[in-house]
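Only one structure is covered here, and it is reproduced in the block below.
2 protein chains.
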Amino acid sequence: MRAEDRRLRVRALLDSVRAEGRTALTAPEGKLVAEAYGIAVPGEELARDVEEAVACAARFGGPVVLKIVSPDILHKSDAGGVVVGVEGAARVRAAFRRIVDNARAYAPGARIHGVQVQELLPPGQEVIVGAVTDPTFGKVAAFGLGGVLVEVLRDVTFRLAPVDADEALSMLDSIRSAQVLDGVRGRPAVDRRAVAEQIRRVSELVADFPEIAEVDLNPVIATARGAVAADVRVILAESLPPVRRSYTRAEILTSMRRLMRPSSVAVIGASGEPGKIGNSVMRNLVDGGFPGEIHPVNPKADDILGRKAYRSVTDVPGEVDVAVFAIPARFVAAALEEVGRKKIPNAVLIPSGFAETGEHALQAEIVAIAERHGVRLLGPNIYGYYSTWQDLCATFCTPYDVKGGVALTSQSGGIGMAVLGFARSTKTGVSAIVGLGNKADVDEDDLLTWFCEDPHTECIAMHLEDLKDGRAFVEAARATVPKKPVVVLKAGRTAAGARAAGSHTGALAGDDAVYDDILKQAGVIRAPGLKEMLEYARALPVLPTPKGDNVVIITGAGGSGVLLSDAVTDNGLSLMEIPPDLDTAFRAFIPPFGAAGNPVDITGGEPPSTYEATIRLGLEDPRIHALVLGYWHTIVTPPMVFAELTARVVEEFRARGVEKPVVASLAGDVEVEEAGRYLFERGVVAYPYTTEMPVAVLGAKYRWARAAGLLGGGS
Amino acid sequence: MRAEDRRLRVRALLDSVRAEGRTALTAPEGKLVAEAYGIAVPGEELARDVEEAVACAARFGGPVVLKIVSPDILHKSDAGGVVVGVEGAARVRAAFRRIVDNARAYAPGARIHGVQVQELLPPGQEVIVGAVTDPTFGKVAAFGLGGVLVEVLRDVTFRLAPVDADEALSMLDSIRSAQVLDGVRGRPAVDRRAVAEQIRRVSELVADFPEIAEVDLNPVIATARGAVAADVRVILAESLPPVRRSYTRAEILTSMRRLMRPSSVAVIGASGEPGKIGNSVMRNLVDGGFPGEIHPVNPKADDILGRKAYRSVTDVPGEVDVAVFAIPARFVAAALEEVGRKKIPNAVLIPSGFAETGEHALQAEIVAIAERHGVRLLGPNIYGYYSTWQDLCATFCTPYDVKGGVALTSQSGGIGMAVLGFARSTKTGVSAIVGLGNKADVDEDDLLTWFCEDPHTECIAMHLEDLKDGRAFVEAARATVPKKPVVVLKAGRTAAGARAAGSHTGALAGDDAVYDDILKQAGVIRAPGLKEMLEYARALPVLPTPKGDNVVIITGAGGSGVLLSDAVTDNGLSLMEIPPDLDTAFRAFIPPFGAAGNPVDITGGEPPSTYEATIRLGLEDPRIHALVLGYWHTIVTPPMVFAELTARVVEEFRARGVEKPVVASLAGDVEVEEAGRYLFERGVVAYPYTTEMPVAVLGAKYRWARAAGLLGGGS
């Protein structure tokens with residue numbers, strides 16, 4: 137059927153269902169919709185008399201199921217109205233008569249429309265194919281195995297609808313019990329393409345008709361030769377979600393560029409009085425060394441921190457890029473009107489007292505004002521933002537001046553402070569730190585769109601509790617990931633966390649399984665916790681991108697080697713199978729009782745030269761793509777000696793164009809802390825007292841490299 | 137059947153199987169064994185001819201299954217030797233003949249004993265009940281659901297055999313798909329006691345007969361009215377493992393007391409020459425302030441570090457408790473003979489060059505010498521050990537003098553150095569740090585037995601790659617856990633890790649699923665990584681034991697509240713449902729827009745008094761059992777102000793006898809690091825820049841409290 141014809145047909149059917157005031161389609165209606173979209177269903181016809189039934193059964197070929205059709209009989213089985221597995225004209229005839237007689241006996245007055253003759257599906261693997269409407273991501277396609285166990289274990293996978301054929305196929309591999317589809321215990325493998333095609337078509341259906349809330353093909357019987365939906369359930373939505381105001385990529389970039397690289401900033405509510413937020417913001421802008429214009433706005437002052445103050449932002453001369461608000465919530469609307477009249481493209485709303493305190497109407501009011509004037513809002517209820525390469529510190533927190541490649545955003549102010557403290561403590565090089573707060577307007581996808589283009593930003597890390605528009609985020613992430621890694625800490629993963637998120641920002645946290653699958657598909661690196669988000673953000677720009685999958689562990693401590701191997705597996709990395717010639721080459725450097733293979737265990741008593749020789753070999757050999765070092769503090773090779781030699785060798789190879797990620801776990805006395813800092817600053821991601829974190833960081837880099845298509849292979 | 141009778145019967149049967157040179161029992165033999173142990177099996181008889189088969193089938197009544205019986209045909213189905221669901225004399229007759237013909241055609245020379253006639257079981261839930269011989273733990277009982285999915289998802293649980301009725305029942309709850317047994321989709325729940333009874337009896341069987349390597353009831357058909365094993369497979373071991381030398385608890389305590397609290401220590405290979413291990417050990421003993429006697433032994437010196445040196449340890453006057461070896465491997469055996477003659481109970485073998493370098497014979501030799509003399513060996517291949525309360529530093533590393541409650545052991549020297557560095561960096565209070573190395577003799581269960589009794593030790597943390605005797609460890613852990621927590625980092629969890637462990641110590645790493653279940657049953661807290669082991673060890677003695685399950689989060693940062701809620705769920709803790717009166721009480725202290733409920737969100741702009749009032753309420757109310765604090769760095773409540781008030785309030789309540797665990801996540805600028813240290817030193821477990829670790833530590837404390845029976849409930 138042509139795309140247009142099938143849409144018209146389904147449209148007509150849905151309209152008639154609506155006209156009857158229903159939201160659930162009947163089974164025959166569901167089947168019509170399925171057929172229009174080429175979703176395979178069993179052959180099925182209504183036979184009004186015995187001979188029609190015989191003819192139908194003959195057309196289908198194999199055994200059939202016969203079911204009474206009567207609007208007055210709901211429980212067909214109870215009425216003796218179902219017979220399964222009938223084959224041959226004589227048997228069909230007998231079964232038809234028996235069913236009708238049973239039905240008459242069961243409900244004497246019942247209207248009987250006939251008998252439904254249905255192809256009997258062959259035995260096969262039951263799977264579930266469906267689509268649901270997610271509050272964050274809209275229409276998503278779902279796939280899982282059928283049966284009791286999967287219902288209990290919730291082994292289901294999701295993708296944004298519509299999916300193409302390859303994405304649909306990838307869903308078959310994304311469930312934990314994927315192996316079942318390949319055939320186990322001598323069963324044949326299912327027809328993967330046929331199953332994927334069912335998914336693809338369902339996803340197309342819901343993408344074409346946003347009013348379809350849910351489709352459920354349950355079960356689909358998958359065999360070696362096809363996949364047929366035994367049951368089709370279609371539910372319509374009660375109402376459609378409101379359409380959200382959206383901006384084009386160009387529009388977003390224009391306003392974001394002025395936000396992140398302003399020439400002129402106005403501070404509404406600037407104050408000369410220490411302790412006031414308007415004073416902190418002014419001081420930070422000035423002390424941070426922002427080279428652009430800084431205009432305090434305060435009706436009661438002539439001069440603040442030596443700068444001329446204006447009664448209104450409309451009095452400020454020239455173009456202004458950003459208005460930072462440091463006034464109480466109740467004065468924001470009026471000031472925002474002036475910002476709009478002044479055609480300032482960005483309002484940074486530090487004040488709280490909006491949706492997060494239940495003041496939804498006040499927030500809606502300022503959003504309306506902003507939309508009317510085309511002003512983008514950052515916040516409200518935020519600490520402000522940093523744009524380090526502009527020496528811009530538009531916050532009431534303390535300035536931050538370590539310039540670097542990481543852009544960090546947080547929905548929560550508290551987490552923002554943790555970001556700041558961690559960054560300062562570890563000297564993390566930062567391009568921006570941005571508070572998002574209530575996200576009345578600007579959200580993660582706007583910022584991601586900017587950071588994607590920002591040449592200073594090499595890695596983006598975002599703490600979020602919800603996404604206002606999951607699809608816009610995925611779009612921005614997909615555009616960004618091929619260029620730079622995107623790390624996300626999604627808070628409210630668990631039911632308890634989601635409840636807490638609900639009471640915090642009024643955000644509706646989506647089902648985490650949906651988030652998890654869709655963020656993964658978008659190539660986002662999901663951090664399991666705050667600590668990991670911070671460490672990934674700090675370390676990813678430091679590590680070169682691996683060029684292949686072969687990870688080699690070189691360790692002085694055999695014990696670290698075992699734990700590092702565990703971590704390699706936990707992080708989905710592959711320990712290289714060392715070929716014999718390389719094994720021989722490693723063995724030449726290590727004691728006879730040391731273990732080559734992988735980990736390469738050089739043993740604990742070795743001098744610096746053994747570390748150096750084996751690290752050199754690891755960097756030299758083109759078959760090795762990443763090194764994990766396990767250092768063991770000994771008198772023979774003290775921490776700083778190890779750090780110096782490792783940094784020197786890695787630097788030497790990088791100068792020669794050999795860039796491989798090198799991470800290190802440092803086991804030793806407290807001197808290893810200094811060694812760790814020394815190495816980190818020189819491009820070797822090193823941690824004391826942990827075998828997990830260095831490998832977790834390497835794993836994050838690999839996940840990104842795969843998602844960015846730099847390693848071949850999908851997820 | 138009486139226990140003795142059934143043992144005799146099975147003994148006779150196994151002996152006859154052995155006599156035939158077989159290790160696999162036939163199905164009828166398996167059934168005899170099952171019946172002797174009361175393991176429910178379907179009615180079943182061997183029919184040697186057609187008419188016997190007809191008679192059997194008639195006796196059972198319903199449909200039957202027919203199976204060929206031949207010692208030469210293993211895969212009966214492949215041979216066409218199975219027919220299911222035969223009923224009626226004529227059909228039984230036909231099926232019998234078909235099976236025998238098929239078998240003859242499949243394996244012409246096969247001996248055919250007849251056809252087994254078996255009751256056909258009613259439909260039900262398939263489960264697997266079995267027992268295997270684990271290299272570490274010996275006989276273990278196994279339970280899982282049957283079917284393809286579980287085979288793929290490996291959803292199986294293990295316990296040490298034999299299990300009692302309660303343990304067997306607990307296995308039904310320990311699988312991920314446990315819910316299936318309760319009946320889903322309208323199916324009835326299975327007869328749990330009947331299933332558990334099958335497990336218990338199988339476990340009894342393998343405990344009675346160590347020569348049985350494996351028992352497999354697969355499937356057991358569980359219905360609402362029973363559980364019957366449709367198939368019984370019994371495999372005998374090729375050989376029995378050698379019996380390991382074992383010591384009584386009293387013997388262990390006697391030698392361990394002298395090891396950990398020695399009055400007199402000899403250093404074999406003591407040296408005056410800096411850089412030598414024998415010099416480091418001497419210097420550490422002297423500089424560490426060990427108040428007992430220190431006797432250098434060195435044939436070439438009269439005096440070392442001002443102490444009289446002896447040519448041989450046999451020359452040392454008086455009783456010696458510990459001989460520390462600092463001589464090359466090849467001299468150890470001779471010196472150990474002298475140690476034995478001198479009746480020194482403990483030899484601490486620092487030297488490497490034994491099993492870990494492939495010198496298994498040398499290691500076997502010293503073990504034999506030690507056993508002959510009754511000397512216990514620590515090591516070889518270790519850094520030595522610390523017993524801080526004795527000011528004893530018998531290692532070549534640097535002394536450690538922060539006395540406290542944590543005993544740490546490590547199998548690997550490298551990990552031992554990480555333990556030392558971490559402890560020093562965090563000022564962890566330590567009772568002992570012990571290297572175990574090759575574990576030629578003394579191992580974790582010996583040390584655990586000692587630490588259980590040691591009044592200085594409040595918590596034990598052990599890094600291990602294998603257990604030489606899993607049962608002895610479990611026994612020691614079970615004795616210890618009711619008194620103090622035992623934390624274990626088991627390296628070699630993954631296949632890659634286990635391979636690395638194999639190449640490191642020659643240890644055979646057991647299946648991790650077995651380790652995981654059995655350690656959990658023993659009440660051990662398993663740390664997921666090195667970092668967690670170290671943090672648990674440091675923090676558990678600091679935290680009071682919770683007296684109930686109600687955890688309350690009090691947070692300044694809503695964002696931290698969400699992440700802390702996630703962590704609470706991840707760690708198996710329960711967020712308290714706050715009753716209305718308590719909710720009202722909290723609300724009295726927080727702004728109207730703050731969220732009571734749980735987390736209690738006091739919001740970010742609050743002064744110290746709000747933190748104080750809500751923390752007081754949390755400590756005061758007896759319905760609350762543990763507090764998780766989320767601090768947000770603001771100008772109004774700076775980090776040290778928060779730290780001081782929290783420590784003060786907690787101390788005040790502890791002085792009044794109200795001891796509740798309090799942990800804190802600190803979100804803020806770098807000053808939070810100092811605040812964290814301040815709090816930790818005062819009994820509040822606090823971490824900067826992470827919402828995960830404080831809750832993970834609290835979770836570990838709860839896991840221990842549950843295992844120790846202090847909270848009611850099992851796991």
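Protein sequences, first through last, are from chains A and B. For the first sequence, the positions run 137 to 851 when the working numbering is used. For the second sequence, the positions run 137 to 851 when the working numbering is used. All C-beta atoms, glycine included, are put in the ideal place defined by N, C-alpha and C.
> Under 8 Å between C-beta atoms, does B:Gly174 make it to chain A?
Replying inline: no
**Item:** Proximity of B:Val205 and B:Gln261 at Cβ, strictly below 8 Å
**Value:** no
TODO: With DSSP as the reference, label B:Thr773 as helix, strand or coil.
DONE: coil
Reference B:Pro164, options B:Ala504, B:Val736, B:Gly250, B:Lys796, closest by Cα: B:Gly250
**Message:** Once the 5 residues before and after B:Arg142 are set aside, which same chain residues still bring their CB inside 7 Å of it?
**Reply:** Ala172, Tyr173
> So what does DSSP say about A:Gly646, is it helix, strand or coil?
Replying inline: With a pLDDT of only 44 at A:Gly646, under 50, the local geometry of the prediction cannot be trusted, and no value is derived from it.
Report the residue from B:Asp214, B:Thr159, B:Ala325 whose alpha carbon sits nearest the alpha carbon of B:Thr359. If we check each option's Cα against that of B:Thr359, B:Ala325 comes out closest.
Can you say whether B:Ile430 is buried or exposed, counting buried as having 16 or more other CB atoms within 10 angstroms of its CB?
-> buried
Do you know how far the Cα of B:Ala721 is from the Cα of B:Ile551? Separation of B:Ile551 and B:Ala721 (C-alpha to C-alpha, rounded to the nearest whole angstrom) is 49 Å.
Q. Which residue or residues does DSSP assign as beta-bridge partners of B:Ile264?
A. B:Gly280
Query raised in the report: To which residues of the same chain is A:Leu556 closer than 7 Å at the C-beta, ignoring the five residues directly before and after it?
Result: Cβ neighbours of A:Leu556 beyond the five flanking positions: Cys533, Tyr536, Ile569.
- Is it a yes or a no for the region 558-573 of chain A touching the region 664-678 of chain A, going by three-plus beta-carbon pairs under 8 Å? yes
(Q) So, for B:Ile760: in the same chain, excluding its five sequence neighbours on each side, which residues have a beta-carbon less than 6 Å away from its beta-carbon? (A) Asn686, Val688, Gly754
| How close, in whole Å, do the beta carbons of B:Ser400 and B:Val449 come, if the pair is a contact with beta carbons under 8 Å? | The Cβ separation is near 11 Å, so there is no contact.
Report task. Look up A:Thr531 in the DSSP assignment and give the residues it is bridged to. Result -> A:Gly520
Q: Just the chain B side, please: which residues come within less than 7 Å of A:Gln315 by C-beta, in chain order?
A: Val288
* **chain A contact residues for B:Val806, given Cβ-Cβ distances below 8 Å** => Gly557, Arg560, Ser561
Item to complete: For the region 784-798 of chain B, enumerate the residues whose C-beta is nearer than 9 Å to any C-beta of chain A, in chain order.
Response: none
- Task: Examine chain A for any beta-carbon lying closer than 8 Å to the beta-carbon of B:His640, and answer yes or no.
- Result: At B:His640, the pLDDT of 39 sits below 50, so the modelled position is not reliable; the number obtained from the coordinates is stated separately. Taking Cβ atoms only, chain A reaches closer than 8 Å to B:His640, which makes this a yes.
- Is it right to say A:Ala643 is buried, meaning 16 or more other beta carbons lie within 10 angstroms of its own, or is it exposed? The predicted position of A:Ala643 is uncertain, since its pLDDT is 34 and thus under 50; a value taken from the coordinates is nonetheless stated next. Buried, by the Cβ-count rule.
Review point. Below 8 Å, can you find three or more Cβ-Cβ pairs linking the region 829-837 of chain B to the region 792-808 of chain B?
Key: yes
At least three beta-carbon pairs within less than 8 Å, the region 689-696 of chain B to the region 737-745 of chain B: Contact between the region 689-696 of chain B and the region 737-745 of chain B is present, because at least three Cβ pairs lie under 8 Å.
Within 8 Å, strictly: CB atoms of B:Phe490 and B:Ala459 = no
By a C-beta neighbour count over all protein chains shown, 10 Å radius and 16 as the cutoff for buried, is B:Pro435 buried or exposed? exposed
field: Below-8 Å beta-carbon distance, B:Pro324 vs any chain A residue
entry: no
- Query: Any Cβ of chain B within less than 8 Å of the Cβ of A:Arg385?
  - Reply: no
Checklist entry - Is it a yes or a no for the region 500-513 of chain A touching the region 468-483 of chain A, going by three-plus beta-carbon pairs under 8 Å? => result yes
Using a 10 Å radius around the Cβ and a threshold of 16 neighbouring Cβ atoms, would you call A:Ala267 buried or exposed?
Under this definition A:Ala267 is a buried residue.
### Query
Can the beta-carbon of B:Glu156 be found less than 8 Å from the beta-carbon of B:Leu389?
no
With DSSP run on the structure shown, which of helix, strand or coil describes B:Arg154?
helix
*Out of A:Lys683, A:Ala170, A:Ala658, point me to the one whose CA is closest to A:Phe294's CA.*
A:Ala658
**Asked** Which residue spans inside the region 788-817 of chain A form an unbroken beta strand (DSSP E) run of at least 3?
**Response** The beta strand (DSSP E) runs of length 3 or more contained entirely in the region 788-817 of chain A are, from start to end of the chain, 798-803.
**Message:** Can you confirm whether the region 233-245 of chain A touches the region 212-219 of chain A when touching is taken to mean that 3 or more C-beta pairs between the two stretches lie within less than 8 Å?
**Reply:** yes
>> Cutting at 8 Å between CB atoms, please list the residues of its own chain near A:Arg323, excluding the five before and the five after it.
In response: Gln261
Exercise for review: Could you tell me whether any Cβ in chain A is nearer than 8 Å to the Cβ of B:Gln499?
Suggested key: Chain A, which has no Cβ nearer than 8 Å to the Cβ of B:Gln499, makes this no.
Buried or exposed (CB count within 10 angstroms, at least 16 for buried), B:Lys626: buried
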